[in-house]
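See below for the structure under consideration.
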Ligand code: NAD
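Numbering (our numbering), first residue to last: 11 to 355.
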């Protein structure tokens, strides 16, 4: 494989392949940039179809963390780790200890944390062999409420910019996915006077949202075509794709999911359709902002985390204004701004 020529390689500073025969650990740790500080990004445990898929995923996610951390104003670079294999079959304390030793060997250039299929309990095991772990219970803890706050403020910024409204009274929002972040976001939107349309694969949560927030419940594939102001993807990535983009009636896309656009071309298509897109890694940075305060030398402080999360409103507003002035898609403008911050570091 022509590794260095891969599009996703994108000048990664370091990529480490780790294995431990005894525990079955196969992991890749990618450090994209430490220009702003030690690289930080979670560890994902996933049963990839092949090694190339795992490598592509970790490289994309790691570069994404560089941009996310830069735009959030954090003194952190971007990195990510993937553990390859079926978590149900492979998970063991010994495997996480082996992973922790691999993280430790990188010597503090990479901090790990939870991501898909990794719990705080797993990270507590990793923490037994390395200090380069964040998002632990009893410290910054669950990032979801901070991600929900940032997403809520991002929706407010988008509504202000696109619809000229200072508040969310009567604004209709379609929320796709009522998990840790999505449900909390719904609570905030409801309290602010928004009208909710929701979907999820979990009917219990849907019933709860209908009762608590008066939310209208729709089928999974009906969520895109709802007559709403805001479409808020809060479930999986790639929900804006060739099949869904033409169904959208919302004039704003603003949600917490990672990698919302299936392909970079969708950024331009949304712009051409007059739909304002709040770039995902800018609006959903609340969680990493909270985690970052566990990595910095000062003791963790939730109030301080909240203050930094609140800046997401202004950061997004800057992206919207710049994109409008330069007649460019918002995703491209956010990428350019992130690259400039990194280049100036
Ligand atoms: P979660 O797993 O708690 O929630 C996801 C929800 O989506 C679940 O309720 C699930 O049932 C639902 N879902 C799954 N498939 C669906 C589908 N096809 N249609 C509708 N709903 C579906 O995850 P979360 O922590 O709430 O994160 C949600 C998204 O936000 C993810 O993309 C995640 O990567 C991203 N994100 C989360 C955080 C965080 O702090 N948790 C931070 C940044 C980004």
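No residue lacks a Cβ here, since even glycine has one placed at the ideal position from N, Cα and C.
Can you name the start and end residues of the alpha helix (DSSP H) that residue 266 belongs to?
In the chain shown, the residue the question calls residue 266 occupies position 256. Per DSSP, residue 266 belongs to no alpha helix (DSSP H) and is neither H nor E.
Select from 97, 70, 44 the residue whose C-alpha is nearest the C-alpha of residue 57.
Position 47 of the chain shown, counted from the start, is the residue given in the question as residue 57. Looking at the Cα atoms, 97 is the closest of the given residues.
Residue 268 CB to nearest heavy atom of ligand 1 below 6 Å:
Taking the first residue of the chain shown as 1, we reach residue 268 at position 258. Answer for residue 268: yes, Cβ within range of ligand 1.
Expressed to the nearest angstrom, what Euclidean distance is found between the alpha-carbon atoms of residue 33 and residue 251?
Position 23 of the chain shown holds residue 33. Position 241 of the chain shown holds residue 251. Residue 33 and residue 251: Cα-Cα distance of roughly 39 Å.
Starting from residue 226, follow its DSSP beta bridges and name the residues at the other end.
Looking up residue 226 in the chain shown gives position 216. 207.
Going by the beta-carbon positions, is the gap between residue 49 and residue 120 smaller than 7 Å?
Residue 49 sits at position 39 when you count from the first residue of the chain shown. Residue 120 sits at position 110 when you count from the first residue of the chain shown. The answer is yes: Cβ separation under 7 Å.
Other residues of its chain near residue 166: CB distance less than 6 Å, five sequence neighbours each side excluded
The sequence position of residue 166 within the chain shown is 156, counting from 1. Result list for residue 166: empty, nothing under 6 Å.
Less than 6 Å separating the Cβ of residue 187 from some heavy atom of ligand 1?
Position 177 of the chain shown, counted from the first residue, corresponds to residue 187. Correct: residue 187 has its Cβ closer than 6 Å to ligand 1.
Relative to the C-alpha of residue 282, which candidate in 265, 256, 291, 79 has its C-alpha closest?
As a position in the chain shown, residue 282 is number 272, starting the count at 1. Minimum Cα distance to residue 282 is reached at 256.
Which stretch, first to last residue, makes up the alpha helix (DSSP H) that contains residue 277?
Within the chain shown, numbered from 1, the residue matching residue 277 stands at position 267. First-last of the alpha helix (DSSP H) with residue 277: 275-282.
Boundaries (first-last residue) of the beta strand (DSSP E) holding residue 242:
Position 232 of the chain shown holds residue 242. Taken as a continuous stretch (DSSP letters only), the beta strand (DSSP E) holding residue 242 covers 240-243.
Burial state of residue 104 (16 or more Cβ within 10 Å)
Residue mapping note: residue 104 aligns to position 94 of the chain shown, counting from 1. Classification of residue 104: exposed, given that the 10 Å Cβ count is below 16.
Beta-carbon within less than 6 Å of residue 122's beta-carbon, same chain only, minus the 5 sequence neighbours each way: which residues are those?
Indexing the chain shown from 1 puts residue 122 at position 112. Closer than 6 Å at the Cβ level, and outside the excluded window around residue 122, lie 53, 91, 113, 143.
Between the Cα of residue 325 and those of 117, 310, 341, 311, spot the shortest distance and give me the residue it belongs to.
If you number the chain shown from 1, residue 325 lands on position 315. Nearest of 117, 310, 341, 311 to residue 325, Cα basis: 341.
Hey, would you say the C-beta of residue 231 is under 6 Å away from at least one heavy atom of ligand 1?
Locating residue 231 in the chain shown gives position 221, counting from the first residue. Every heavy atom of ligand 1 is 6 Å or more from the Cβ of residue 231, so no.
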